[in-house]
Amino acid sequence: MDDLRQKYLDAIAAAANEAGLEELRVAAVGKKGEISLKMRELGKMSPEERQVMGPKLNALKDEINSALALKKEALADAALNERLEAEWLDVTLPGRPRPRGTVHPVSQVTEEITAIFADMGFAVAEGPQIESDWFNFDALNIPPEHPARQEHDTFFMSRAAGDDRPPHVLRTHTSPVQIRAMRAQGAPIRVIAPGRVYRCDYDQTHTPMFHQVEGLAIDRDISMANLKWVLEEFCRAFFEVEGVELRFRASHFPFTEPSAEVDIRCSWADGTLKIGEGDDWMEILGSGMVHPKVLTAGGIDPDQWQGFAFGMGIDRLAMLKYGIPDLRAFFDSDLRWLRHYGFSALDMPTLHGGLSG
Ligand code: PHE
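The sequence shown begins at 78 in the working numbering and counts up by one.
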């Protein structure tokens, strides 16, 4: 019995955690524990033997139980102390403010553009950035061998080996949203579609990902005159100058006929750009009357409906309006740049409240 006692007291003293302690309790005083089994043997003993052994075994059981309880408490204390050490916190230290970001100029300008076109009755449409080559090219009257496909510096997605369907592309412009919107809504329709586009190009004024906003207006008798008015209204509101002057220059896009590129009058005196004055012209967008084939691809009858479309670079508009010289910095995620060029989250552009605060 002394051996049994010493064995369990030593083991309890050495137990490293509550799980180990519980194993010892089961082994010693559990239902089938060594001490419990010994107590069961009392029944087979003579009354004299039992009188000696009974109290001894009971005392042993009590001793083991209280050793277990003490050790359990000690282990819990140790665990608590360890946590208190580890989770120590000086509540008197000053608070550390989180780095504060601002609204990115691209987001702000997108909101400004949306506010202006919403005021003219345009809704916002969206499409995927990974686009099928049908939506990005064919439906826009750019067949497979058309040179425009090369000019777009397209990023192609990969297909599984053996799958020879044409690969999807990262959309090279927002024009595929014209097709998606026409197919979803039919005519008449008036939408803009701002979003990310991708071309394999990188220098001070080009990044492989940039932003465009598409415009599309289809009705029974929409003409180039409506296009011109809408774009002039837009530029006047966006650049916040009354005397904006636009120049429509004949151009070519496969998806519009006739097509025009639009330049805005500006001056570069002393290296700063002023919109609406001077003798320089800067190209800001492409536009035209939607090609009948494009209407057809959009599920709209070109004998019944006609309209205009335009596409412009949002980043470029942001650079022009807010005097930001290098496009690449737009996408560096540099908080210092953002604090300099960014906008307060409360600076929501509205036509009545002022677009740029
Ligand atoms: N998709 C053309 C581009 O990316 C812009 C454009 C849109 C031109 C709509 C005409 C009409 O350059």
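The C-beta atom is built at its ideal place from N, Cα and C for all residues, glycine as well.
Check                                                                                          : Outcome
Residues sharing a beta bridge with I295, DSSP                                                 : I266, G384
Beta strand (DSSP E) runs wholly inside the stretch 385-424, at least 3 long, in chain order   : none
Per-residue burial, W382 [other beta carbons within 10 Å of its own, 16 or more giving buried] : buried
Any non-hydrogen atom of the ligand PHE closer than 7 angstroms to T187 Cβ                     : no
Assumed close pair V268, V201 - CB separation to whole angstroms, cut-off 8 angstroms          : 7 angstroms
Assigned exposure category for A314 - 16 Cβ within 10 Å defines buried                         : buried
Element boundaries [beta strand (DSSP E), containing G375]                                     : Looking at the DSSP string, G375 is not in any beta strand (DSSP E), and its letter there is neither H nor E.
Anticipated Cβ contact below 8 angstroms, G274 with T249, distance rounded                     : According to the sequence as given, residue 274 is Val; it is not Gly. Right, the Cβ-Cβ distance comes to about 6 angstroms (below 8 angstroms), so this counts as a contact.
Where the alpha helix (DSSP H) through M301 begins and ends                                    : 301-316
Boundaries of the beta strand (DSSP E) in which E338 is found, first to last residue           : 333-344
Start and end residues, alpha helix (DSSP H) containing D139                                   : 124-163
Check: Q227 C-beta below 7 angstroms from any heavy atom of the ligand PHE                     : no
Residue range of the alpha helix (DSSP H) that includes G487                                   : In the structure displayed, the chain extends from 78 to 434; residue 487 sits before or after that span and is not available.
Closest by C-alpha distance to T187, when choosing among W358, G239, R324, M396                : M396
Cross-strand partners of S364 (DSSP beta bridge)                                               : A337, F387
Test item: CB-CB of E222 and H245 under 8 angstroms                                            : no
Beta-bridge partners of A200, as assigned by DSSP                                              : V268
Cα-Cα separation between G384 and H229, rounded to whole angstroms                             : 25 angstroms
According to DSSP, residues forming a beta bridge with R326                                    : E338
6 angstroms Cβ shell around G320 - same chain, five flanking residues per side excluded        : G353
Reduced DSSP secondary structure (H/G/I, E/B, other) of Y85                                    : helix
Minimum C-alpha distance to R82 - residue among L157, A91, L114, L134                          : L134
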